[in-house]
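Report on the structure given below.
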Amino acid sequence: MTTHTTKKRALSGIQPTGAPHIGNYFGAMKQFVDMQNQFDMHVFVAEYHAMTTVQDPAVLRSNIENLILDYLAIGLDPEKVTLYRQSDVPELTELTWMFNCLVTVPWLERAHAFKDKSDKGIEPSVGLFDYPVLMAADILLPNSQVVPVGKDQVQHVEMAREVARKFNNTYGDTFIEPDEYVIESVAVVPGTDGQKMSKSYGNTIPLFGTDADIKKAIMGIVTDSKTPEESKDPETCNVFALHKLITSEPQLSEIRQGYEKGGLGYGESKKILLDNYLSFIAPMREKRIYYEENPGIVRQILDEGAQKIQKIAHAKIKEVREKVGL
Ligand code: ADP
Ligand code: TRP
1212 MTTHTTKKRA LSGIQPTGAP HIGNYFGAMK QFVDMQNQFD MHVFVAEYHA
1262 MTTVQDPAVL RSNIENLILD YLAIGLDPEK VTLYRQSDVP ELTELTWMFN
1312 CLVTVPWLER AHAFKDKSDK GIEPSVGLFD YPVLMAADIL LPNSQVVPVG
1362 KDQVQHVEMA REVARKFNNT YGDTFIEPDE YVIESVAVVP GTDGQKMSKS
1412 YGNTIPLFGT DADIKKAIMG IVTDSKTPEE SKDPETCNVF ALHKLITSEP
1462 QLSEIRQGYE KGGLGYGESK KILLDNYLSF IAPMREKRIY YEENPGIVRQ
1512 ILDEGAQKIQ KIAHAKIKEV REKVGL
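Right, here's the structure in full:
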């Protein structure tokens, strides 16, 4: 297959810090699936990053296994995507060290993830402080050109570009400056309380939750107190924002009309959303169960992914070691 080499290399990862929610899915994971035909797609489990917050080994191990199943369940095709675990590429930590010697403390202090945590009074670990540099290594070591991420990660991709530039200026042309790729219409998926959906706000709809968990989350979405008969603005409704991601036409237009003209209550709108979500997730759940019941297949997929990424990583780190004088 020669087509492979002409495709741009895209790369992204998710931290195994807990069960993914529909914000992670529509904001990031779905893009990985949508991109797998046009790009030389690389997707990994950001387990080194997760260690900045998860320090229980049993929890980390289980989160990693679950994220791999989630990746396969949403439709990442191991024939098209290089799927791997970050810890199968220990060269990433070596490259992080080299980058650490180039970037400065004030520069890293500007990163908002770190700023948010220290503003909240959390005493940051060195690992958390260095998070963007490890992320730059993830992106730059395999020569990635495009990085699909949610809006909150754009700053980190910008920082990876700056790291590439700094290294290239110091040691000569070595790394590609990557571009982020954000789908604007789903850049921020609202949570059940209307804020950005996030594990840390407890306002999530779990992607692969049980029927009961999903029902509880959807029926609990915050709305104003208008009666079913009153006219409502769909654009300011948290339920409608999720319909836009899940409900297809012509039903979506009917719901919009029900809001604008009155007649459709929030409770009814939530029930429709719940039904549509459960139909939407059904085939993915089936796939997830298949991989759960076939751990040998999953292991083989990860072995092949590790081999592919290691080949790239070994070649690149060799070049980098020579450039820096090791
Ligand atoms: P969380 O905020 O729940 O901890 P993460 O920071 O682990 O989520 O995010 C993983 C990926 O999902 C990132 O690419 C992030 O941009 C994306 N993402 C997370 N929450 C949302 C959201 N509410 N809307 C869109 N994308 C999101
Ligand atoms: N920081 C990303 C997040 O929290 C995860 C991540 C780590 C990542 N390394 C990456 C994303 C490299 C894209 C590319 O979601």
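Quick note on numbering: our numbering labels position 134 of the sequence shown as 1345, and the sequence is numbered without any gaps. Where a beta carbon is used, it is the ideal one built from N, C-alpha and C, also for glycine.
Report all residues from its chain with a CB closer than 7 Å to the CB of residue i; omit the five preceding and five following residues, and keep chain order.
i       : result
Asn1414 : Gly1402, Thr1403, Asp1404, Gln1406, Met1408
Asn1379 : Thr1385, Phe1386
Ile1432 : Thr1403, Asn1449, Val1450, Lys1481
Ala1423 : none
Do you know offhand how far residue i's Cα is from residue j's?
i       : j       : result
Asn1311 : Phe1340 : 11 Å
Lys1362 : Lys1455 : 18 Å
Val1292 : Val1337 : 32 Å
Ile1333 : Pro1461 : 48 Å
Asn1487 : Thr1458 : 6 Å
Val1531 : Thr1385 : 7 Å
Ala1526 : Glu1533 : 11 Å
Phe1451 : Ser1436 : 15 Å
Glu1290 : His1253 : 11 Å
Leu1222 : Ile1528 : 18 Å
Ala1230 : Ser1411 : 12 Å
Ala1524 : Asn1505 : 29 Å
Val1368 : Asp1390 : 7 Å
Ser1329 : Thr1263 : 14 Å
Gly1474 : Asp1444 : 13 Å
Quick one: what's got a C-beta closer than 8 Å to residue i's C-beta in the same chain, skipping five residues either side?
i       : result
Arg1499 : Leu1280, Asp1281, Leu1283, Ala1284, Phe1419
Ile1483 : His1454, Thr1458, Gln1462, Ile1466
Gly1224 : Val1254, Phe1255, Val1256, Ala1257, His1260, Gln1297, Asp1349
So, with DSSP's three-state summary, where would you put residue i?
i       : result
Met1370 : helix
Met1212 : Note that Met1212 scores 46 on pLDDT, short of 50, meaning its location in the model is unreliable; the coordinates nonetheless yield the value given after this. Note: Met1212 maps to coil in three-state DSSP.
Arg1296 : strand
Ala1221 : strand
Ala1270 : With the sequence shown as reference, residue 1270 is identified as Val, and Ala is not the correct amino acid for it. Helix.
Lys1410 : helix
Phe1419 : coil
Pro1227 : coil
Pro1401 : strand
Ser1464 : helix
Asp1538 : Since the displayed the chain opens at 1212 and closes at 1537, residue 1538 lies outside it and no answer follows.
Arg1321 : coil
Can you round the beta-carbon distance between residue i and residue j to whole angstroms, since I take them to be within the 8 Å contact cut?
i       : j       : result
Pro1359 : Gln1242 : 4 Å
Asn1274 : Ala1261 : 7 Å
Ala1324 : Tyr1342 : 6 Å
Ile1520 : Val1300 : 6 Å
Cys1448 : Thr1434 : 6 Å
Val1393 : Val1365 : 6 Å
Which partner residues does residue i have in the DSSP bridge list?
i       : result
Leu1453 : Per DSSP, none; premise fails for Leu1453.
Val1358 : Glu1391
Met1252 : Ala1221
His1232 : Pro1417
Output needed for residue i: all residues of its chain with C-beta closer than 6 Å, excluding positions within five of it in sequence on either side, in chain order.
i       : result
Thr1214 : Bear in mind that the predicted position of Thr1214 carries a pLDDT of just 48, short of 50, making it unreliable; the figure below should be weighed with that in mind. Around Thr1214: no qualifying Cβ.
Gln1226 : Ala1257, His1260, Ala1261
Ser1355 : Arg1220, Leu1222, Pro1389
Kindly examine the ligand ZN and report whether one of its heavy atoms sits closer than 7 Å to the Cβ of residue i.
i       : result
Val1344 : Judged by which ligands are present, the ligand ZN is missing from the structure shown, whose ligands are the ligand ADP and the ligand TRP.
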